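S.K.: Have a look at the structure that comes next, please.
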Amino acid sequence: MKIFKGKLQKDRSASMQLSINAIVILVMAMAVLGLGLGIIRGIRGRADSFLDFDIDLSEDASATKRIANLKEELTLKAGDEFKLGISFYNVDNICYDSGSLPGSNINLVCSGIQWMTENGDAPDGEDAFRLVQAPTRIPVGEPGKMLAKIIPNKFLEKTSYACSFQVICGEDDEIVAETPVFVDVTA
Numbered sequence: 010m011k012i013f014k015g016k017l018q019k020d021r022s023a024s025m026q027l028s029i030n031a032i033v034i035l036v037m038a039m040a041v042l043g044l045g046l047g048i049i050r051g052i053r054g055r056a057d058s059f060l061d062f063d064i065d066l067s068e069d070a071s072a073t074k075r076i077a078n079l080k081e082e083l084t085l086k087a088g089d090e091f092k093l094g095i096s097f098y099n100v101d102n103i104c105y106d107s108g109s110l111p112g113s114n115i116n117l118v119c120s121g122i123q124w125m126t127e128n129g130d131a132p133d134g135e136d137a138f139r140l141v142q143a144p145t146r147i148p149v150g151e152p153g154k155m156l157a158k159i160i161p162n163k164f165l166e167k168t169s170y171a172c173s174f175q176v177i178c179g180e181d182d183e184i185v186a187e188t189p190v191f192v193d194v195t196a
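Taking the working numbering, I'd label the letters of the sequence shown as residues 10 to 196.
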């Protein structure tokens, strides 16, 4: 019996050590999981609140005036964000999915863009205006609110630009509504 007593003692010690290691690994895994979930929630919360601003849309868009609450002239400071809210009326479902406007976005197209760079060209990979927005779903036959932040590039020449403000939708980015707007870029 003495022969087995030493081996049995070693087995108990090994199994106890294995149990302790398993508990330590489990506690560490739970801590890492909790930390990861906290980081993801924080990032998602910031992304959701980025476009969370209140704009008074006093005029609803209609079938005859598809884009409303947009001034004829916008004054933007180069490099700063400009909060924009419009009312858009969804007339039909030409490029809509089941009576909604999936992924409808705002687009700002300007002509005669002038850059303050050495060669007068746009910096590589940069646009004149960066738009940050969340795609909006608006039922057919109803007006809806679209929000965006417009950030003019800091290298834009400080002058006025003739632009076209567009609402686009569908996989082919079809223009469903468009209105002219003048954009003044200031220092």
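C-beta: ideal position from N, C-alpha, C; glycine also.
Bear in mind that the values here come from a model prediction, so they are computed numbers and not experimental data.
1) Which residue from Met-25, Leu-83 and Glu-187 puts its Cα closest to that of Lys-74?
2) According to DSSP, is Arg-139 helix, strand or coil?
3) On the CB-based measure, 16 or more other CB atoms within 10 Å of its CB, does Thr-145 come out buried or exposed?
4) CA-CA distance, Ser-120 and Asp-136?
5) Opposite Met-155 in the DSSP bridges: which residues?
6) Are the CB atoms of Leu-79 and Val-194 within a distance shorter than 8 angstroms?
7) Under the assumption that Lys-154 contacts Ser-96 (Cβ atoms under 8 angstroms), give the Cβ distance between them as a whole number of angstroms.
8) Which term fits Ala-157, buried or exposed, when burial requires 16 or more other beta carbons within 10 angstroms of its beta carbon?
9) Tell whether a beta-carbon distance below 8 angstroms holds between Ala-38 and Lys-163.
10) Buried or exposed for Ile-159, going by 16 or more other Cβ atoms inside 10 Å?
11) On the criterion of 16 or more Cβ atoms from any shown chain inside 10 Å, does Val-5 qualify as buried, or is it exposed?
12) Assuming Phe-174 is part of the beta strand (DSSP E), what are its boundary residues?
13) If you draw a straight line from the alpha carbon of Leu-165 to that of Ile-115, how long is it in whole angstroms?
14) So Ile-184 is in the beta strand (DSSP E); what residue range does that whole segment cover?
15) Have a look at the DSSP bridge pairing and note the partners of Asn-114.
16) What separation, rounded to the nearest whole angstrom, lies between the Cα atoms of Ser-173 and Val-185?
17) From Gly-47 to Ala-23, what does the alpha carbon distance come to, in whole angstroms?
18) Report the rounded CA-to-CA distance for Ile-32 versus Met-25, giving the unit in angstroms.
M.R.: Let me lay it out:
1) Glu-187
2) strand
3) So Thr-145 ends up on the buried side.
4) 13 angstroms
5) Ile-95
6) no
7) 6 angstroms
8) Burial call: buried.
9) no
10) buried
11) Given a span of 10 to 196 for the chain in the structure shown, any question on residue 5 remains unanswerable.
12) Counting along the chain, the beta strand (DSSP E) containing Phe-174 begins and ends at 169-178.
13) 20 angstroms
14) 183-195
15) Ile-177
16) 13 angstroms
17) 36 angstroms
18) 11 angstroms
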